[in-house]
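Undergrad: Structure provided below as structure tokens; questions to follow.
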Amino acid sequence: MTANSAGDIWFKVQHGNFVGKLSRPDRKVSLQAVPTPRSRPYGIVVDRDDVPWAVEFGSNKLLRIDAEDLTLTEIALPSEDSRPRRLGITSDGNVWYGDYALGKIGRYDPASGEFTEWPLPHGTDSRPYRMAVDRNDRIWLVETGVSPNRFVGFDAKTEKFISSSEILSGGGTIRHMNYFEPRGEIWFGTDTNYIGRATVH
Numbered sequence: 105m106t107a108n109s110a111g112d113i114w115f116k117v118q119h120g121n122f123v124g125k126l127s128r129p130d131r132k133v134s135l136q137a138v139p140t141p142r143s144r145p146y147g148i149v150v151d152r153d154d155v156p157w158a159v160e161f162g163s164n165k166l167l168r169i170d171a172e173d174l175t176l177t178e179i180a181l182p183s184e185d186s187r188p189r190r191l192g193i194t195s196d197g198n199v200w201y202g203d204y205a206l207g208k209i210g211r212y213d214p215a216s217g218e219f220t221e222w223p224l225p226h227g228t229d230s231r232p233y234r235m236a237v238d239r240n241d242r243i244w245l246v247e248t249g250v251s252p253n254r255f256v257g258f259d260a261k262t263e264k265f266i267s268s269s270e271i272l273s274g275g276g277t278i279r280h281m282n283y284f285e286p287r288g289e290i291w292f293g294t295d296t297n298y299i300g301r302a303t304v305h
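This is the structure we're talking about:
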């Protein structure tokens, strides 16, 4: 789940193939079916204009959700074999995703409709999962396909990888991370029964 600036809650129903909204003022829940069957909507975020975005983990598409009428726009990634899992939005409005199947980090520019992708350090073994964006527009994600998991940094401005660190407990699989701007930290939970903190600035 994620919230917009008004406090409304946006969510996805992965196996039911819906995205939804809980309107805070009247507590009304609205659902919209995803056109692609078994698309497994996943990794929902809200951009700077309060527009919700998600991915289709069961296919190779991004989802743009109209905040007013819940109309869905499906945007296919360059490869049919891609399986995006999590999203991040940088200050310029670009949409970033980790490709779980192909081991890449990708950028979609909504203004131009262009995609750019970079192979992750461990390539197709990476299995990138959770992602977070810091105030300096650096993308942080975890390669969960390697043991121990690796915490990887990518600078959206220079378009270069800047960091790769082992998760001390091994990680198992890191599914959720949250960026806490006041302290420059990313907090995460691991499948190895630890809570972790990474200082990123």
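Using our numbering, the first residue of the sequence shown is number 105, and each one after it goes up by one.
We treat Cβ as the ideally placed atom computed from N, Cα and C, and that holds for glycine.
Here's a check: name, in chain order, each residue in its chain whose Cβ is nearer than 6 Å to the Cβ of Leu135, leaving out the five neighbours to either side.
TA: Taken in chain order, the residues that qualify are Phe122, Gly124.
Undergrad: By alpha-carbon positions, which one of Asn164, Trp200, Glu270 ends up nearest to Glu178?
TA: Of the candidates Asn164, Trp200, Glu270, the one whose C-alpha sits nearest the C-alpha of Glu178 is Asn164.
Undergrad: Measuring CA to CA, which of Leu174, Gly293, Ala110, Asn282 is closest to Met235?
TA: Out of Leu174, Gly293, Ala110, Asn282, Asn282 has the C-alpha closest to the C-alpha of Met235.
Undergrad: In this structure, how does DSSP classify Pro232 when only helix, strand and coil are distinguished?
TA: Pro232 falls in the strand class under three-state DSSP.
Undergrad: In the DSSP assignment, what are the bridge partners of Ala52?
TA: This structure cannot speak to residue 52, because the chain is shown only from 105 to 305.
Undergrad: What does the alpha-carbon distance come out to for the pair Val138 and Tyr201?
TA: For Val138 and Tyr201, the distance between alpha carbons rounds to 19 Å.
Undergrad: With DSSP as the reference, identify every bridge partner of Ser134, one or two as the case may be.
TA: Looking at the DSSP assignment, Ser134 forms a beta bridge with Lys125.
Undergrad: Buried or exposed, going by whether 16 or more other CB atoms sit within 10 Å of the CB of Glu160?
TA: The residue is buried, with at least 16 neighbouring Cβ atoms inside 10 Å.
Undergrad: Report yes if the CB atom of Ile271 is closer than 8 Å to the CB atom of Pro286, and no otherwise.
TA: Contact flag unset, no.
Undergrad: Spatial neighbours of Thr220 within its chain, please: CB distance less than 6 Å, with the 5 preceding and 5 following residues excluded, ordered by chain position.
TA: Counting only Cβ-Cβ distances below 6 Å, and skipping sequence neighbours, we find Arg211.
Undergrad: Could you please give me the residues that DSSP links to Tyr201 through a beta bridge?
TA: Answer is Leu191, Gly210, bridged to Tyr201.
Undergrad: Where does Glu285 fall in DSSP's three states?
TA: DSSP places Glu285 in helix when its eight states are reduced to three.
Undergrad: Among residues of its own chain, excluding the 5 on either side of Asn198, which ones have a beta-carbon nearer than 8 Å to its beta-carbon?
TA: Closer than 8 Å at the Cβ level, and outside the excluded window around Asn198, lie Arg211, Tyr212, Asp213, Pro214, Ala260.
Undergrad: Quick one, which of Gly276, Glu172, Asp153 has its alpha-carbon nearest Ser230's?
TA: Of Gly276, Glu172, Asp153, the residue nearest in Cα terms is Gly276.
Undergrad: Once the 5 residues before and after Arg242 are set aside, which same chain residues still bring their CB inside 6 Å of it?
TA: So the qualifying residues of the chain are Gly257, Asp259.
Undergrad: For Ala180, list the residues DSSP reports as bridge partners.
TA: According to DSSP, which records beta bridges pairwise, Ala180 is partnered with Lys165.
Undergrad: Residues in the same chain with beta-carbon distance under 8 Å from Val149, minus the five sequence neighbours each way, listed in chain order, please.
TA: The residues are Thr106, Pro156, Trp157, Ala158, Leu191, Gly192, Ile193.
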